[in-house]
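Numbering-wise, numbering that gives the first Met the number 0 puts 47 at position 48 of the sequence shown, and it's gapless, one number per residue.
Glycine is no exception: its CB is placed at the ideal position from the N, C-alpha and C atoms.
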Amino acid sequence: MRYFGLIGKSLSHSFSQKFFTAKFAADGIEACYDLLEIDSISKIDRLIAEKQLSGFNVTIPYKESIIPYLDDLSNEAREVGAVNCVVIKDARKVGYNTDVMGIDATLEWLDTTDVKVLILGTGGASKALQHVLRKRSMPYSIVSRDKQRGDYTYDEVTPDVIAEHGIIVNTTPVGMFPNVDAAPAICYDAITPKHQAFDMVYNPAKTRFLELCEAQGAKTMGGMLMLQTQAIASWHLWQER
Numbered sequence: 000m001r002y003f004g005l006i007g008k009s010l011s012h013s014f015s016q017k018f019f020t021a022k023f024a025a026d027g028i029e030a031c032y033d034l035l036e037i038d039s040i041s042k043i044d045r046l047i048a049e050k051q052l053s054g055f056n057v058t059i060p061y062k063e064s065i066i067p068y069l070d071d072l073s074n075e076a077r078e079v080g081a082v083n084c085v086v087i088k089d090a091r092k093v094g095y096n097t098d099v100m101g102i103d104a105t106l107e108w109l110d111t112t113d114v115k116v117l118i119l120g121t122g123g124a125s126k127a128l129q130h131v132l133r134k135r136s137m138p139y140s141i142v143s144r145d146k147q148r149g150d151y152t153y154d155e156v157t158p159d160v161i162a163e164h165g166i167i168v169n170t171t172p173v174g175m176f177p178n179v180d181a182a183p184a185i186c187y188d189a190i191t192p193k194h195q196a197f198d199m200v201y202n203p204a205k206t207r208f209l210e211l212c213e214a215q216g217a218k219t220m221g222g223m224l225m226l227q228t229q230a231i232a233s234w235h236l237w238q239e240r
């Protein structure tokens, strides 16, 4: 029996265990996938030893802080500066970023021609999105609570700023279950039918952010395709495919 899991601080929202349990059963694979909450990333080595993990996924808030605890990174994870998948082989922990594949898959469903992206948030998911946009030569701006980490603070996102950006992406956990009534603090009245909104949150399937954008006529996309794509990519890495 091989053991895998999801490392995070609060995982009540996660569908990962159900996803992988169903996949293992469908493929006839003897493996187990658990939700593994830790209150500090410093506990990761002890957890790996206790659970005898063969690999694991990483989510909020550890996608960046996991890096010093790894033995190596893929080139893409190093370029992104964040990790969401770890492969353990011969006691070596190697970090990868499969979020980029999930983001690429999602962007294929949006109109990305001659459009600028407004990124809400600066964490690991935001870094993966920035990496994908740079590869696609798509311009973007970053919104952060900290002026030093972005182009705008939330207070500075005026209707003119909204008008300049055709795609708005929420990379933060705002609106994630159980806080389903929350939404990023931007000027939704400035959103038009020409806008597109992508929320990386997948639980709930339609977040308050997407509801508010949709009410203005915008095309919307939730985070489920991203979740499934990055999960399958993680499994391929664990299977050395």
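Using the C-alpha atoms, what's the distance from residue j back to residue i?
i	j	result
Glu-107	Ile-43	35 Å
Met-0	Lys-146	48 Å
Leu-10	Ile-65	17 Å
Thr-111	Pro-138	10 Å
Gly-101	Gln-16	18 Å
Thr-152	Gly-27	49 Å
Gln-229	Leu-5	13 Å
Leu-69	Lys-88	12 Å
Leu-52	Val-160	46 Å
Thr-170	Ala-24	31 Å
Asp-38	Val-131	30 Å
Val-179	Asp-198	13 Å
Arg-144	Ile-231	33 Å
Thr-105	Ser-41	33 Å
Leu-35	Pro-172	18 Å
Taking the beta strand (DSSP E) that residue i falls in, what are its first and last residues?
i	result
Ser-15	It is not in any beta strand (DSSP E) - Ser-15 instead sits in the alpha helix (DSSP H) that spans 15-26.
Met-100	Not the beta strand (DSSP E): Met-100 falls in the alpha helix (DSSP H), residues 98-106.
Leu-224	No beta strand (DSSP E) contains Leu-224, which is instead part of the alpha helix (DSSP H) from 223-237.
Ser-140	139-142
Ile-47	Segment 43-50 is the alpha helix (DSSP H) holding Ile-47; no beta strand (DSSP E) there.
Leu-117	116-119
Assuming the contact rule is C-beta atoms closer than 8 Å, residue i and residue j should be a hit. Round their C-beta distance to whole Å, please.
i	j	result
Asn-202	Met-175	6 Å
Phe-19	Phe-3	7 Å
On the DSSP bridge list, what partners appear for residue i?
i	result
Ile-6	Leu-35, Val-57
Ala-30	Arg-1
Cys-186	Answer is none; Cys-186 lacks a bridge partner.
Ala-196	Ile-167, Thr-219
Val-93	Asp-71, Val-86
Tyr-151	Val-142
State the start and end residues of the unbroken alpha helix (DSSP H) segment that holds residue i.
i	result
Val-79	74-79
Lys-126	123-134
Phe-208	207-214
Checklist line | the region 74-84 touching the region 50-63, judged by at least three CB pairs closer than 8 Å | finding: yes
Note to self: For the region 46-55 against the region 190-201, do three or more pairs of beta-carbon atoms, one drawn from each stretch, fall closer than 8 Å, so that the two count as touching?
What the structure shows: no
Check: For the 8 Å Cβ check, are there 3 or more pairs between the region 115-126 and the region 142-160?
Finding: yes
Check: Given 8 Å as the limit, is there contact between the region 208-218 and the region 178-193, that is, 3 or more CB pairs closer than that?
Finding: yes
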